[in-house]
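Student: Residue numbers (this note's numbering), protein chains in the order written: chain A, 7 to 130; chain B, 121 to 334.
Here a beta-carbon is modelled for each residue, glycine too, at the ideal position from N, C-alpha and C.
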Amino acid sequence: MKLMTHNMLTSKGMKNVKEGFPLKIQAEEMRNVDIDYDRDFITRMIPKLDWKALVFAAQCVGHKEDLPDTLPEGYENDNELLKRLHHVLLEVEVVSGCLECPETQRKFPISNGIPNMLLNEDEV
Amino acid sequence: MDHHNTIKTPHFSHITPEDLDHIYEPSEDSFLLIDALEKDLDLIRAICPAVCLEVGSGSGVVITALATALGPRCCYLATDINLRACRITQETGQANDVSVNAINTDLVDGVRSPVDVLIFNPPYVVTPSEEVGRGDLEHTWAGGELGREVMDRLFPRVSELLSSKGVFYLVVLKENRPQEVAELLALQGFSCTTLLSRTTGPEKLSVLRFTRNR
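#1: Mind reading off the beta-carbon distance from B/Ala-185 to B/Pro-130? Whole number of angstroms is fine, and I expect it under 8 Å.
#2: Given B/Leu-380, which residues of its chain have a CB within under 7 Å of its CB, disregarding the five upstream and five downstream residues?
#3: Kindly say whether B/Ile-223, judged by its beta-carbon, lies nearer than 8 Å to any beta-carbon of chain A.
#4: Using a Cβ-Cβ cut-off of 6 Å (strictly less than) and excluding sequence neighbours within five positions of B/Met-121, which residues of its own chain qualify?
#5: Which first and last residues belong to the alpha helix (DSSP H) in which B/Pro-276 is found?
#6: Classify A/Lys-70 as helix, strand or coil using the three-state DSSP reduction.
#7: Would you kindly check if the distance between the Cβ of A/Ile-120 and the Cβ of B/Val-207 is under 8 Å?
#8: Compare the Cα-Cα distances from B/Thr-314 to each of B/Gln-299, B/Glu-251, B/Pro-169 and report the closest residue.
#9: For A/Ala-59, count neighbouring Cβ atoms within 10 angstroms of its own Cβ and tell me buried if that reaches 16, exposed if not.
#10: When the Cα of B/Val-245 is compared with those of B/Ile-183, B/Ala-156, B/Lys-324, which residue comes out closest?
#11: Could you tell me which whole beta strand (DSSP E) segments of length 3 or greater appear in the region 122 to 182 of chain B?
#12: Confirm the yes/no value for this check: CB of B/Gly-321, any heavy atom of the ligand PLP, distance under 7 Å.
#13: Answer with buried or exposed for A/Asp-46, where buried requires no fewer than 16 other C-beta atoms within 10 angstroms of its C-beta.
#14: Which value, in whole angstroms, describes the spacing of the CA atoms of A/Thr-76 and A/Trp-57?
#15: Our contact map puts A/Val-94 next to A/Leu-9 with C-beta atoms below 8 Å; I'd like the distance itself, whole angstroms only.
#16: Flag this pair as yes or no: are the beta carbons of B/Val-228 and B/Leu-281 separated by less than 8 Å?
#17: Pull up the distance between the alpha-carbon of A/Lys-118 and that of A/Glu-97, whole angstroms please.
#18: Rank A/Ile-52, A/Gly-103, A/His-12, A/Glu-35 by C-alpha distance to the C-alpha of A/Glu-82 and give the top, closest one.
#19: Closest to B/Glu-158 by CA distance: which of B/Pro-137, B/Ala-187, B/Ser-147 is it?
#20: Should B/Thr-320 go down as buried or exposed, given a rule of 16 or more other Cβ atoms within 10 Å for buried?
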């Protein structure tokens, strides 16, 4: 599971959950992959992402030092930042572990890099 | 910028016979959906999508085809209730040099909005209700009463999930009563266009496109 994917996951569909975002990442096994740097892709995706959630996720997996707490003005021209963002968003993967709901602490397992967001009947 | 409007059918030779006991083999409906997306590429590009999601991606052939056509300008997500399908979907992406991120879930549970392009080739075959979701393969085709039991569960979530400019593509069978489906989505403010239809033997399939009324 890439951190970009994590930015799009929520436990909000669960009963009694108001926001359910961001989910806390508890990583067991991680891996780094090599993805070609595409500056256009990164600059297009940034406005679509929840920055705070991304920083939180990076923190969870030990990559906090790579990202500023707030998105700086003129980020489109900061090639160094964009490259770090590329790495954190696309090249850091959680292979196994879980995602934890911030409100109920319910854990969603991640196995073979795929998050399992399936809910039980009594949770919907 | 690439403006080619043909989509090459993705490679999927990595899918084994054993896999096909569990996931949906790319079939006429998959290719019809790919043809429809190909036909609509200009419209899709014009909305400048950031997130494309295929619900129930199975082999991943459809989301992969879209990804090869649109290129690395979007995040491509796929959901499937079957974990093996999730894995295979990602492999299909890799085999075709695109990145597809799979989520193991029921329909769109756990996915945050907004999504710009939503795609669903549902289990649309008319079957007794009891057959819906009874096994890996039944999940892929058993649609229950009118073949609508699964897709009807997605419809109430489309409006919240889709971005304001978002577009939803759906495969339906004539028996699913496409007109009724259009009416259901119209209640949520969507207008419907039949993009493509094809009759293969006894099956008449159509791909419907839904966009918000302005």
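Tutor: Straight from the coordinates:
#1: By 1-based counting over the second sequence, the position of residue 185 of chain B is 65. By 1-based counting over the second sequence, the position of residue 130 of chain B is 10. Indeed, because the Cβ distance is near 5 Å, the residues count as touching under 8 Å.
#2: Given that chain B is displayed from residue 121 to residue 334, the structure contains no residue 380 of chain B and the question cannot be resolved.
#3: Within the second sequence, the letter at position 103 stands for residue 223 of chain B. Taking Cβ atoms only, chain A reaches closer than 8 Å to B/Ile-223, which makes this a yes.
#4: By one-based count along the second sequence, residue 121 of chain B stands at place 1. Low confidence applies here, because B/Met-121 scores a pLDDT of 43, under 50, leaving its location unreliable; read the following figure in that light. Nothing meets the Cβ criterion.
#5: Reading the second sequence from its first residue, position 156 is the one you call residue 276 of chain B. Run containing B/Pro-276: 271 to 281, per the alpha helix (DSSP H) assignment.
#6: Here the question's residue 70 of chain A lines up with position 64 in the first sequence. Helix at A/Lys-70.
#7: Residue 207 of chain B sits at position 87 when you count from the first residue of the second sequence. Residue 120 of chain A sits at position 114 when you count from the first residue of the first sequence. Residue 207 of chain B is actually Arg in this sequence, not Val. In this structure, A/Ile-120 lies closer than 8 Å to B/Arg-207 by Cβ.
#8: Numbered from its first residue, the second sequence carries residue 314 of chain B at position 194. Nearest C-alpha to B/Thr-314: B/Gln-299.
#9: To locate residue 59 of chain A, count along the first sequence from 1; it is residue 53. Label assigned to A/Ala-59: buried.
#10: For the purposes of this step, residue 245 of chain B is taken as residue 125 along the second sequence, with counting starting at 1. The shortest C-alpha separation from B/Val-245 is found at B/Lys-324.
#11: 171 to 175
#12: Only the bare structure without any ligand can be found here, which leaves the ligand PLP out of the picture.
#13: What you label residue 46 of chain A is simply residue 40 of the first sequence in a count that begins at 1. That one is exposed.
#14: Taking the first residue of the first sequence as position 1, residue 76 of chain A is located at position 70. Taking the first residue of the first sequence as position 1, residue 57 of chain A is located at position 51. Computed Cα separation, rounded: 7 Å.
#15: Residue mapping note: residue 94 of chain A aligns to position 88 of the first sequence, counting from 1. Residue mapping note: residue 9 of chain A aligns to position 3 of the first sequence, counting from 1. Indeed, because the Cβ distance is near 6 Å, the residues count as touching under 8 Å.
#16: In the second sequence, residue 228 of chain B corresponds to position 108, counting from 1. In the second sequence, residue 281 of chain B corresponds to position 161, counting from 1. It is a contact, given that the beta carbons lie within the stated cut-off.
#17: In the first sequence, the residue the question calls residue 118 of chain A occupies position 112. In the first sequence, the residue the question calls residue 97 of chain A occupies position 91. Checking the sequence shown, residue 118 of chain A turns out to be Asn, not Lys. The straight-line gap from Cα to Cα measures roughly 15 Å.
#18: As a first step, residue 82 of chain A is located in the first sequence; it is residue number 76 there, counting from the start. Of the listed residues, the one whose Cα sits closest to A/Glu-82 is A/Ile-52.
#19: To locate residue 158 of chain B, count along the second sequence from 1; it is residue 38. The residue with the shortest Cα to Cα distance from B/Glu-158 is B/Ala-187.
#20: Translated into positions along the second sequence, residue 320 of chain B becomes position 200. Per the 10 Å Cβ criterion, exposed.
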